[in-house]
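These protein sequences, in sequence, are chains V and A. With our numbering, letter number 87 in the first sequence gets 87, and the count goes up by one each step, no holes. With our numbering, letter number 94 in the second sequence gets 193, and the count goes up by one each step, no holes. From the three backbone atoms N, C-alpha and C, an ideal C-beta is built for every residue, glycine too.
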Amino acid sequence: MNMVFLCFTIGILGFIVGRKAIPKDKDLKWIDKLLMVLVVALLFILGAEIGSDENIVSSIGSIGLVSLTLAVFALAGSAAMVTVARKALGIDKRGKKSR
Amino acid sequence: MSKAIIISVVCGIAAGYLILPKTAIYTSYSQVSGKLIIVLLCLLLFIIGINLGRDERMLKNLKNVGLGILVFPIAAIFGTLLFTAAASLFLPITAREAMACGCGFGWYSFAPVILLEYSPTISAMAFLMNVIRELAGIALIPVLASKIGYVEVTSLPGVAAMDVCLPLVEKATDSSIVVISFVMGAGMCVTVPLTGIIAGI
């Protein structure tokens with residue numbers, strides 16, 4: 001719960017800083033580079049934690065199969081429910097109001 | 100980008116498997132790794148917040164479309180959680196674990212990191228699942244756009260629908276769908292931290 005609160009607070013804080021504190025015309029190309037560095041660092045650490053866990057390494061095949069199944073269900077589930085919502089709102093496949 | 104993802108994870112796994120446990124710094128590293136992850140994650144979220152706050156065009160568009168548009172991300176989030184929970188019936192994991200993985204919505208550098216604390220195995224599943232979801236989701240946008248619907252395809256890649264997928268969505272569908280795609284990704288984006296609650300951390 002604390003982690004969720006922390007994530008939201010930091011994200012909203014960043015949003016306010018980006019919206020109010022930084023001039024809009026200021027070039028912030030370095031920020032995208034920093035973002036990339038952070039993602040790489042996080043993924044490296046994640047990989048290291050996974051790699052040093054013998055249980056995971058020994059069952060990587062079944063983990064892959066579970067992940068693939070979950071991904072297929074997640075893709076199907078979101079598309080199916082969006083179709084339900086879209087039809088309920090009377091919107092056609094091309095995103096236009098049909099009635 | 101996808102090259103960098105694969106390289107960093109593979110290097111991490113190799114370092115974790117081959118080198119880390121044999122080194123003297125490992126014990127001290129494993130004591131601080133949890134805190135290091137939180138610091139990096141906070142920095143990442145702060146920067147993403149800044150980028151969103153600076154995006155004038157999107158904020159203006161959002162004001163024009165109204166709150167009704169939120170029904171689409173809500174439907175996609177509900178669908179993902181419902182279907183991943185259903186998938187757990189065939190899999191050796193609980194419904195909560197399956198939903199926690201699903202709640203990553205393709206954000207593979209976030210949800211798995213939160214789940215490390217819960218279980219490294221579930222974290223590994225969440226990582227792989229979300230990489231597959233994002234990459235397959237992106238690849239399917241142009242393939243399925245006219246078959247299943249323009250709005251539906253924006254729900255496929257997850258959080259990436261709000262940024263990296265926008266040019267692709269515009270090309271494969273219609274420029275009016277771009278705002279929906281942004282709201283879809285943003286709605287999922289703010290839902291990802293709930294991964295922790297679903298897993299019960």
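Starting from residue i, trace the alpha helix (DSSP H) in both directions and tell me its first and last residue.
i, result
"M261(A)", "Segment: none, M261(A) is in no alpha helix (DSSP H) and carries neither H nor E."
"R232(A)", "P219 to I247"
"F209(A)", "From DSSP, F209(A) is part of no alpha helix (DSSP H); its letter is neither H nor E."
"F281(A)", "I276 to T290"
"L42(V)", "K29 to G51"
"T294(A)", "T294 to A298"
"R94(V)", "No alpha helix (DSSP H) holds R94(V); DSSP gives it neither H nor E."
"R86(V)", "I60 to A88"
"G165(A)", "Counting along the chain, G165(A) falls outside any alpha helix (DSSP H), and DSSP gives it neither H nor E."
"A174(A)", "V170 to A186"
"C7(V)", "N2 to I16"
Can you name the residues of chain V whose CB is closer than 7 Å to the CB of residue i?
i, result
"I276(A)", "G95"
"A175(A)", "S78, M81 and V82"
"G165(A)", "The premise fails here: G165(A) is roughly 12 Å from chain V at the closest Cβ pair, so nothing lies under 7 Å."
"A113(A)", "G51"
"S280(A)", "Those do not exist, as S280(A) stays about 10 Å from chain V at its closest Cβ, beyond 7 Å."
"V97(A)", "Chain A is shown only over 100 to 300; residue 97(A) falls outside these bounds and no answer can be derived."
"V258(A)", "In chain order: nothing, as chain V lies at least about 12 Å away."
Starting from residue i, find everything on chain A with Cβ-Cβ shorter than 9 Å and list it in chain order.
i, result
"K24(V)", "R153 and E155"
Report the neighbours of residue i on chain A: residues whose CB is nearer than 7 Å to its CB, in chain order.
i, result
"G90(V)", "Here the premise fails: no neighbours, minimum Cβ distance about 12 Å."
Does DSSP put residue i in a helix, in a strand, or in coil?
i, result
"K134(A)", "helix"
"I192(A)", "coil"
"E216(A)", "coil"
"T253(A)", "helix"
"P266(A)", "helix"
"A123(A)", "coil"
"C141(A)", "helix"
"C202(A)", "coil"
"K102(A)", "helix"
"K20(V)", "helix"
Skipping 5 residues on each side, what residues in its chain have a beta carbon closer than 7 Å to that of residue i?
i, result
"V212(A)", "I136 and L140"
"T220(A)", "none"
"T183(A)", "A197, M198, C200 and G201"
What in chain V is Cβ-close to residue i, meaning under 8 Å?
i, result
"D273(A)", "R94 and G95"
"M224(A)", "I63, V66, S67 and L70"
"T290(A)", "Under the 8 Å cutoff, chain V gives no residues; its nearest Cβ is about 10 Å from T290(A)."
"V109(A)", "G47"
"V263(A)", "Within chain V, no residue comes near V263(A); the closest Cβ sits about 12 Å away, beyond 8 Å."
"L190(A)", "V66, T69 and L70"
"A199(A)", "Near A199(A) there are no residues of chain V at all, since even the closest Cβ is about 10 Å away, more than 8 Å."
"Y217(A)", "Going along chain V, no residue has its Cβ under 8 Å from Y217(A), so there is no contact; the nearest lies around 11 Å."
"I168(A)", "Those do not exist, as I168(A) stays about 10 Å from chain V at its closest Cβ, beyond 8 Å."
"A103(A)", "M36, V39 and V40"
"L181(A)", "G77 and M81"
Counting only the same chain and skipping the five closest in sequence on each side, list residues whose C-beta sits under 8 Å from that of residue i.
i, result
"L190(A)", "A197"
"L119(A)", "Y125 and Y128"
"I173(A)", "G286"
Leaving out five residues on either side along the sequence, give the residues of the same chain with a beta carbon under 6 Å from the beta carbon of residue i.
i, result
"V230(A)", "Y207"
"F209(A)", "V291"
"T272(A)", "A244 and Y249"
"I300(A)", "E216 and Y217"
"N160(A)", "V278"
"L239(A)", "L255"
Which residues of chain V have a Cβ atom closer than 9 Å to the Cβ of residue i, listed in chain order?
i, result
"E251(A)", "S78, A79, A80, V82, T83, R86 and K93"
"G248(A)", "A79, V82, T83, R86, I91, D92, K93, R94 and G95"
"L267(A)", "Simply none; closest approach about 16 Å."
"L293(A)", "V4"
"G286(A)", "By Cβ distance, chain V contributes nothing, its closest Cβ being about 11 Å from G286(A), past 9 Å."
Under 7 Å (Cβ pairs) to chain A, residues found in the segment 37-67 of chain V: Shown in chain order are the members of the segment 37-67 of chain V whose Cβ falls below 7 Å from a Cβ of chain A: L38, V39, V40, A41, L42, L43, F44, I45, L46, G47, A48, E49, I50, G51, S52, D53, N55, I56, V57, I63, G64, V66 and S67.
Where the segment 123-154 of chain A meets chain V: residues whose CB sits under 9 Å from a CB there: Those would be Y125, Y128, S129, S132, L135, I136, I137, L139, L140, C141, L142, L143, L144, F145, I146, I147, G148, I149, N150, L151, G152, R153 and D154, in chain order.
Near-chain V residues of the segment 233-244 of chain A - C-beta to any C-beta below 7 Å: Within the segment 233-244 of chain A, those residues whose Cβ lies closer than 7 Å to any Cβ of chain V are, in chain order, A235 and G236.
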